[in-house]
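Numbering (the UniProt record's numbering), first residue to last: 1 to 799. Don't be surprised by glycine CBs; every beta carbon is placed ideally from N, CA and C. From a predicted model like this one, the values you see are computed outputs, not experimental measurements.
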Amino acid sequence: MGHGARKQLAELLDDAQRRGDFSTRIEMSARALRIEVDGVGELPLPLRAPVTKKLIAQARQASFGRGEQTLSDTSVRDTWEITPDRITLGGTDWDRTLDGVLDGVRTALGLPPTVVLRAEPHALLVYGKGQFFLPHQDSEKDDSMVGTLVVSLPSHHTGGELVVSHAGRSVVHQASRDKLTFAAFYADCLHEVKPVKSGYRVTLTMNLLAERIRPAGEDDGGLVADLAHCLTEHFTEPAEERYAYGRQKAAPPNRLVYLLDHEYTQRGLDWDRLKGADATRTALLRQAAAEADCEAVLALAEVKETWDAHAPYDRYDYYGEVEHYDDCEDEECEGECLLDPDGEPGAERRRSGDFSDYELNELIDDEITLSWWTRPDGTGGEQINLPVAYAEVCATAENKDLTPYQSEYEGYMGNYGNTLDRWYRRAAVVLWPRQRSFTARAEAGSEGALRELQGHLDAGDLDRARTLARSLAPFWKHHGSGEAAAALFAAALPVAVGLREADTATMLLAPFGVETVGERHASGLAAAAARYGRTWARGAVSSWFGTVGAYTGAGRAAWLESLPGLCTALRAADGDGDAMASPLAEGAWQAVEQQLTSWLGVGRETERRTGMEGLGVSLARVLQAAGPETADTIAATLRGLPDTALECLLPALRTAARQPTTIRDGAPAARAFQTLADHCEDRLAAALTRPVRAADDWSLTLAGTCRTGCGLCPDLDAFLTSRTRHVMEWPLAKEGRRHLHSRIDQAGLPVSHTTRRQGRPYVLVLTKTDAVFTREQATRTRAETDLAWLRDKWPRARG
Ligand SMILES: O=C(O)CCC(=O)C(=O)O
Ligand SMILES: [Fe+2]
Numbered sequence: 001m002g003h004g005a006r007k008q009l010a011e012l013l014d015d016a017q018r019r020g021d022f023s024t025r026i027e028m029s030a031r032a033l034r035i036e037v038d039g040v041g042e043l044p045l046p047l048r049a050p051v052t053k054k055l056i057a058q059a060r061q062a063s064f065g066r067g068e069q070t071l072s073d074t075s076v077r078d079t080w081e082i083t084p085d086r087i088t089l090g091g092t093d094w095d096r097t098l099d100g101v102l103d104g105v106r107t108a109l110g111l112p113p114t115v116v117l118r119a120e121p122h123a124l125l126v127y128g129k130g131q132f133f134l135p136h137q138d139s140e141k142d143d144s145m146v147g148t149l150v151v152s153l154p155s156h157h158t159g160g161e162l163v164v165s166h167a168g169r170s171v172v173h174q175a176s177r178d179k180l181t182f183a184a185f186y187a188d189c190l191h192e193v194k195p196v197k198s199g200y201r202v203t204l205t206m207n208l209l210a211e212r213i214r215p216a217g218e219d220d221g222g223l224v225a226d227l228a229h230c231l232t233e234h235f236t237e238p239a240e241e242r243y244a245y246g247r248q249k250a251a252p253p254n255r256l257v258y259l260l261d262h263e264y265t266q267r268g269l270d271w272d273r274l275k276g277a278d279a280t281r282t283a284l285l286r287q288a289a290a291e292a293d294c295e296a297v298l299a300l301a302e303v304k305e306t307w308d309a310h311a312p313y314d315r316y317d318y319y320g321e322v323e324h325y326d327d328c329e330d331e332e333c334e335g336e337c338l339l340d341p342d343g344e345p346g347a348e349r350r351r352s353g354d355f356s357d358y359e360l361n362e363l364i365d366d367e368i369t370l371s372w373w374t375r376p377d378g379t380g381g382e383q384i385n386l387p388v389a390y391a392e393v394c395a396t397a398e399n400k401d402l403t404p405y406q407s408e409y410e411g412y413m414g415n416y417g418n419t420l421d422r423w424y425r426r427a428a429v430v431l432w433p434r435q436r437s438f439t440a441r442a443e444a445g446s447e448g449a450l451r452e453l454q455g456h457l458d459a460g461d462l463d464r465a466r467t468l469a470r471s472l473a474p475f476w477k478h479h480g481s482g483e484a485a486a487a488l489f490a491a492a493l494p495v496a497v498g499l500r501e502a503d504t505a506t507m508l509l510a511p512f513g514v515e516t517v518g519e520r521h522a523s524g525l526a527a528a529a530a531r532y533g534r535t536w537a538r539g540a541v542s543s544w545f546g547t548v549g550a551y552t553g554a555g556r557a558a559w560l561e562s563l564p565g566l567c568t569a570l571r572a573a574d575g576d577g578d579a580m581a582s583p584l585a586e587g588a589w590q591a592v593e594q595q596l597t598s599w600l601g602v603g604r605e606t607e608r609r610t611g612m613e614g615l616g617v618s619l620a621r622v623l624q625a626a627g628p629e630t631a632d633t634i635a636a637t638l639r640g641l642p643d644t645a646l647e648c649l650l651p652a653l654r655t656a657a658r659q660p661t662t663i664r665d666g667a668p669a670a671r672a673f674q675t676l677a678d679h680c681e682d683r684l685a686a687a688l689t690r691p692v693r694a695a696d697d698w699s700l701t702l703a704g705t706c707r708t709g710c711g712l713c714p715d716l717d718a719f720l721t722s723r724t725r726h727v728m729e730w731p732l733a734k735e736g737r738r739h740l741h742s743r744i745d746q747a748g749l750p751v752s753h754t755t756r757r758q759g760r761p762y763v764l765v766l767t768k769t770d771a772v773f774t775r776e777q778a779t780r781t782r783a784e785t786d787l788a789w790l791r792d793k794w795p796r797a798r799g
């Protein structure tokens with residue numbers, strides 16, 4: 001059975017690992033090292049305070065890396081540093097001693113004998129009393145860097161322990177007073193230097209580099225054969241379903257994903273530089289793969305686990321009698337607020353994002369997605385997006401024993417109790433039977449698989465290309481959106497054209513989001529439209545838009561910025577670019593129109609204005625991308641909208657005016673922009689002829705009505721529309737007050753509402769604010785400015 005094969009495979013690999021540890025420590029005589037520092041001279045060992053002080057005089061405050069940045073913050077790292085160019089290492093026996101240490105480190109860390117370690121000085125560090133380095137991981141400065149070697153020079157001190165952790169275990173290294181202490185650890189280990197309590201701690205840190213010296217040798221034939229047998233079984237037996245309550249047997253799995261123990265960066269992920277047990281296990285796995293006729297690649301996986309978990313309650317004294325939180329500022333709260341929001345269980349830790357002491361009860365769900373992998377031929381890697389099925393996963397170390405890079409705790413949610421989400425990044429070996437190679441890779445959205453198809457087309461083997469392409473249909477879905485999918489889309493276009501089969505071409509191109517489509521695809525798109533016709537092109541474009549308005553985030557706005565350039569490139573391309581450009585512009589307009597309609601319905605003015613202004617930029621781009629007829633149709637629709645739409649039209653005109661070529665006579669949308677400018681001018685002029693509000697006129701226009709048929713809103717409306725009333729006191733229970741609040745807030749009315757907490761029910765006090773007048777004045781001033789700008793920039797009826 002499939003599950004049995006996976007389990008057995010993990011066990012075989014677990015047994016096979018040479019017992020490598022993540023950190024090790026070796027002591028050597030201080031006589032082995034002669035160390036000289038510029039400006040100080042040779043350091044007599046063990047170090048004494050006067051010499052150490054001279055070192056400090058030559059040092060600078062050490063910084064540390066975070067992402068791309070280098071930071072200096074003594075609350076994170078407080079130590080003196082001397083750069084390696086100022087240090088000379090020597091001594092009659094030094095090279096031999098270091099080689100011996102490195103060989104011991106290699107064995108202790110479980111690296112195979114086919115690898116040799118080198119150490120490259122990184123810095124000389126001096127820690128005085130109170131100085132330390134908080135937990136961190138070292139950045140891998142070099143592709144071949146596998147870890148760090150800390151050489152502590154003999155020196156009298158207390159504190160300053162080096163604590164190294166991995167997969168839930170920690171070791172503490174304390175330096176010797178009279179010997180050299182070598183501590184080595186893998187680069188993915190979290191480590192820290194505890195504050196020095198007395199004396200000085202002086203270390204020479206070195207990067208550990210791994211180099212391959214011989215090819216991996218033949219391993220125990222029996223073990224490899226057993227592993228190969230497991231692989232064959234895994235790929236031929238029906239896949240096990242996680243919750244298979246009497247369901248039909250599934251097809252065999254398409255791949256096996258073996259998760260590795262250590263962490264790797266994309267750059268550092270290489271068969272020859274795997275760490276500890278990973279190195280041994282993958283070497284065996286690859287031999288087994290060859291024997292079972294499987295291909296193997298290295299991959300990076302994102303893992304998300306959801307646990308039923310709970311906070312360590314006992315530290316909180318709230319447990320027991322709960323009381324009202326006195327300073328609760330929630331206006332609606334009438335003694336129903338029982339807890340200080342900050343006093344909830346785990347609030348403290350929730351803020352700091354540390355959930356390490358939460359208790360994990362039961363795993364509710366896990367998801368694994370492969371995001372990147374190496375090519376089977378070993379030439380670099382590619383981005384992919386592949387959810388991994390339960391029946392395909394195999395691992396020796398469980399996720400929960402590793403350190404998540406992010407955690408989120410969610411209190412009781414109804415369906416589940418309290419849940420803790422944890423995210424991990426893990427590396428993996430991915431294997432599949434060689435004869436299923438195309439499917440296994442294509443399913444992951446691999447560009448390489450599409451290039452294989454292209455290869456068949458180039459070689460004139462149309463039948464083979466069509467058969468393989470059609471085999472994608474069941475899983476060729478959701479290739480995402482934006483730049484990340486652009487390369488895959490670029491690879492899919494020529495294949496779609498070359499297949500000369502409209503339906504297969506549709507299937508290949510449909511699963512992309514419109515934000516993926518860019519200028520680089522123009523010639524491929526024009527060629528596809530020429531091959532399959534305008535109706536086909538329209539269908540393809542509509543599949544990229546998906547449900548119009550379904551996605552309207554920042555990605556869409558950025559894409560609209562590029563739309564005019566894309567449409568120009570399409571219209572200039574060989575083939576039938578216009579067949580793509582027109583539906584693209586129309587689809588973009590539909591999405592913008594839908595957003596415009598929803599903004600028009602928003603009552604709160606500042607919020608609406610901000611939204612409309614952003615939309616104005618998008619509208620300008622859509623008009624610039626459209627052909628003359630579409631642009632005119634759009635302009636006609638816009639002229640039919642209420643005056644609030646000017647909040648979008650003016651920003652659109654301003655955007656266009658900043659790019660004069662797009663509005664000059666002869667530009668496709670020039671006429672449409674002029675029509676809109678004239679329309680705005682008319683509406684603003686008309687608005688300015690309306691009389692100014694009288695100083696005693698407090699009446700408000702009703703924005704939005706209450707559809708609940710409640711008994712309160714008629715009274716509210718009477719107050720709002722009254723010219724004379726500007727304060728209303730209303731004894732009202734909580735529900736009613738809440739209803740009125742929400743109506744006033746949603747309409748963005750210039751009316752303040754407060755609750756006087758006296759007697760029962762409390763009294764709701766509504767007060768019309770000065771904004772009744774100031775807002776109108778501001779609108780008027782804005783209209784005057786806009787009108788002047790329009791008359792200057794868009795003079796009416798040229799010629
Ligand atoms: O001083 C040490 O022992 C370690 C320093 C360290 O972790 C580093 O420089 O990254
Ligand atoms: Fe470090």
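At the C-beta level, T52 and S165 stay beyond 8 Å of one another. Set against 7 Å, the gap from the CB of F22 to the closest heavy atom of ligand 1 is not smaller.
Of V497, G513, A557, F545, the smallest CA-CA separation from G533 is found for V497. Taking the Cα positions, L566 is about 14 Å away from T662. A Cβ-Cβ separation of about 7 Å places L298 in contact with A427 under the 8 Å criterion. A631 is positioned such that its CB atom lies closer than 8 Å to that of A672.
In the assembly as shown, K197 is an exposed residue. Its beta-carbon has fewer than 16 other beta-carbons within 10 Å. For P121, the beta-bridge partners assigned by DSSP are M206. At least one heavy atom of ligand 1 is found less than 7 Å from the C-beta of D138. For W372, the uninterrupted beta strand (DSSP E) segment begins and ends at 359-374. Taking C-beta separations shorter than 6 Å and ignoring five residues to either side along the sequence, the partners of W730 in its chain run L764, following chain order. A direct Cα-to-Cα measurement between C713 and T701 gives close to 14 Å. Per DSSP, P44 lies in no beta strand (DSSP E) and is assigned neither H nor E. Per the DSSP secondary-structure output, V76 pairs with nothing in a beta bridge.
Taking the C-beta atoms as reference points, T280 is found no nearer than 8 Å to A10. In this structure, T181 has its CB at a distance of at least 7 Å from all heavy atoms of ligand 1. A residue is called buried once 16 or more other Cβ atoms fall within 10 Å of its Cβ, and L766 is buried on that count. Not a single heavy atom of ligand 2 lies less than 7 Å from the C-beta of H122. With contacts defined as CB atoms closer than 8 Å, A687 and A783 qualify as a contacting pair.
Taking the CA atoms as reference points, N418 sits about 13 Å from S407. In this chain, the alpha helix (DSSP H) harbouring W536 covers 534-545. About 6 Å separates the CB atoms of A183 and L162; that is less than 8 Å, so the two are in contact. Counting the other Cβ atoms within 10 Å of the Cβ of S471 gives fewer than 16, which makes it exposed.
Using a cutoff of 7 Å, the CB of T205 counts as near ligand 1, since one of the ligand's heavy atoms is closer than that. CA-to-CA, the gap between F545 and S139 works out to about 41 Å. A contact is defined here as three or more CB-CB pairs under 8 Å, and the region 447-463 fails this definition with respect to the region 264-280.
Distance from the C-beta of H739 to the nearest heavy atom of ligand 2 is not below 7 Å.
Distances from the alpha-carbon of A569 to those of A527, A502, T637, V388 put A527 closest.
Judged by their CB atoms, V602 and W423 are not nearer to each other than the 8 Å cut-off.
Looking from the CA of G524, the closest CA among L509, T535, E515, G513 belongs to L509. In the displayed model, W730 falls within a strand according to three-state DSSP. The count of Cβ pairs closer than 8 Å, one atom from the region 741-760 and one from the region 609-621, stays below three, leaving the stretches out of contact.
A straight line joining the alpha-carbon of S63 with that of L209 spans about 23 Å. No Cβ-Cβ contact shorter than 8 Å links D261 with A283.
A distance below 7 Å between beta-carbons, with the five flanking residues on each side excluded, links T24 to the following residues of its chain, in chain order: V105, A108, L109, A184. Rounded to the nearest whole angstrom, the CA to CA distance from F512 to D682 is 43 Å.
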